[in-house]
Every structure is written in C-alpha cells, then in structure tokens.
Amino acid sequence: MEQQFGCCLWFDNHLAEAADFYLNTFEDSKKLKETHFITDEHGKIGDLLTIGLELAGCEFLLLNGGTDFKPTPAVSYVVNCENEKQLNSVWERLNQNGQTLMPLTTYPELGKFGWTNDRYGFSWQVRLGDSLQTIIPCIMFANENYGLAQAAVDEWIKVFGGKQTFIIKGKEERLRASGFQLRGQDLIIMDSPEKHDFDFSMANSFYFYFKDQADIDHAWEALTTDGKEWPCGWMEDRYGVYWQTVNDKLLEWTNDPDSQKARRATQEMYKMKKIDLAQIQRAHDGLS
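The following block contains the structure:
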C-alpha cells in the first residue's frame, strides 16, 4: 500500500547519529531519503535538513529544526516485539543513556512491558507481542484534555478517514484507551486522569501525504478552525496535537535536481501557512 502517514521527530542537529541509532535498534528498517538546506532562512545551506526512515514498517522523518521545541511523552511510540530476546534488545538500546518511565518487567494488565525516553528525549513503550515487530504511535490525553479522547478520535476519523478498532473503558465507563486507524495507519490514544508536567509539543508531529489541494483544504479548515495555523503547512488542532502537510508534487518541486527551481519552490513555501500547491508550482516554474 502506498505510504500515507508518518511521524516527525524534531532534533537540534545529530540527525545522522540518531538515524543510525534507530536503524540499528528496529527490525525491517531502512533509510529512505536525505534532504539538505538549500536556503539560509532556517539553517546553513548544505547541512542536513531531514532524514527519512522506515522503522518496523512505520515511516519516520527526522527533522533538524533547532532548539525551539523538545520531545514530550504525551506522544510515544509503542514497539510490539515478537519474542523476549527481541524485546530485551530493543529495550536495552532505547533505555541506554535514556530515562526510564516504567521499568521493564511483567505487569498484571500489560504483560512484559517498559516505558522509556531515549537518549534524544523521544518516548517509547516496549511490549511483548505475538507477531512481527511493529511500531504504533500513541497519543496521551491528560490535564485539560482529560476526558476528550473519544471526541478527538471521532473528529480525526471524520477529517482524515478511518475507523475505531478497539475501546478499553475504565471507571464510570469512561474511555481509558482506544485503538483507531487514520488512512490505514494504526494509532492508540490514552486518556489519563493523572496530572502530568508535560503536554503536546511541535517536536512530535504527524504528517499525511495529501492527495491534492482539495484534500489539503479540507484538513486545514477542519483542524485549524478551533486550533492554530503554523508556517509551512503545520496545523495544530484544538487539543494541541500537531499535524503536517505533505504532498508528492510538493516534495518533487522542493527537491528538484535543478537547484534554482527547488530554491524558488522552497522559498515560496516558507512564505505560507496553508500550502497552496498552484502557487508553489508557479514559483518552481519561474512564473511568479
């Protein structure tokens, strides 16, 4: 199936080092593509801008974004391991020089499980499964968002298309955790009554490969009406979760082998909040 979804991790340099770390941690992993700064608005021309990875079947984009944002455990990545040997290996690597949130042990409801922030600050839940290794993004609602998880799932399914796959209820029949799919991608949401000293951050975001301008417009209007617009096609919904706009033609224009065309397209994109594909194409072609 054609890739439609990915997770973006915000770094302050160290991209190549982090890419090697993750590629050596997870099964069925490969590097997809590197991009470099071609303008000096946000970095030094020639330096690494992004590295795309496929980790256990899930696409990740490592972004060299600077110092503005830090990772948050409000978004974590659930690693389902196929046997204890694999689980122990993944845990050992992710937890080394990291921060243990829940030690790796056997829990009554979770089985063998551990939760850690890795050396770069990104949060991983590692558990023993019964199939090939997979990674599923997990979103934790807490603090002001507590009790809104079901509403969020309903809204995201309406915006992106998808379905709810399972529901676990807690006290007073309130949703405790749920699985859902958005455009074929499995995700998990947790509704936590505990107070936490963290919330969502732009350092953890999700992106979709939108089909066309109408697809972009639909998501943008739905998510930002009660949320917030950010530059370069980033959207913050009313819960504070961050989503990005990706499109195959947009990538083609901003990564054109003709550096002048790529630079014009990129500089035009930097001027925007909502992505206007036609306007970026005109800039790419030298028509504006």
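Offset between the sequence shown (1-based) and our numbering: plus 132.
C-beta atoms are modelled at their ideal positions from N, C-alpha and C, and glycine is treated no differently.
The beta strand (DSSP E) that contains residue i, what's its start and end?
| i | result |
| --- | --- |
| T398 | No beta strand (DSSP E) contains T398, which is instead part of the alpha helix (DSSP H) from 391-402. |
| V211 | 207-213 |
| I412 | Taken as a continuous stretch (DSSP letters only), I412 belongs to no beta strand (DSSP E), being part of the alpha helix (DSSP H) at 409-416. |
| L187 | 180-187 |
| E191 | 190-196 |
| L233 | 231-239 |
Alpha helix (DSSP H) containing residue i: first to last residue?
| i | result |
| --- | --- |
| Y154 | 147-155 |
| H350 | 345-356 |
| N220 | 216-227 |
| E368 | Looking at the DSSP string, E368 is not in any alpha helix (DSSP H); the run it does join, the beta strand (DSSP E), is 366-368. |
Looking only at its chain, what residues have a beta carbon closer than 7 Å to the beta carbon of residue i, apart from the 5 residues adjacent to it on each side?
| i | result |
| --- | --- |
| K202 | G253, S333, A335 |
| G261 | N212, C213, E214 |
| K405 | E361, W362, P363 |
| G198 | D144 |
| N229 | R251 |
Ignore the nearest five residues each way along the sequence and tell me which others in residue i's own chain have a CB closer than 8 Å to its CB.
| i | result |
| --- | --- |
| Q136 | R315, G316, Q317, F340, Y341 |
| Q399 | T171, E173, A415 |
| M401 | C364, G365, L382, T386, I407, I412 |
| M133 | Because the pLDDT of M133 is 48, which lies under 50, any placement of that residue in the model is unreliable, and the number read from its coordinates should be weighed accordingly. Around M133: G316. |
| Y278 | D323, S324, P325 |
| T238 | K244, F245 |
For residue i, list the residues DSSP reports as bridge partners.
| i | result |
| --- | --- |
| F254 | Answer is none; F254 lacks a bridge partner. |
| V378 | Y341 |
Below 6 Å CB to CB, which residues in the same chain sit around residue i once its five sequence neighbours on both sides are set aside?
| i | result |
| --- | --- |
| A309 | I300, M322 |
| K162 | E186 |
| C270 | S208, V210, I320 |
- Task: Report yes or no: do three or more beta-carbon pairs, one from the region 163-179 and one from the region 217-225, lie closer than 8 Å?
- Result: no
- Decide if the region 278-292 is in contact with the region 341-357; the criterion is three or more beta carbon pairs, one per stretch, under 8 Å apart. yes
- Message: Measuring CB atoms only, is the region 193-208 touching the region 239-257, in the sense that at least three cross pairs come out at less than 8 Å?
- Response: yes
- Query: Which residue spans inside the region 256-339 form an unbroken beta strand (DSSP E) run of at least 3?
  - Reply: 266-273, 294-301, 307-314, 317-323
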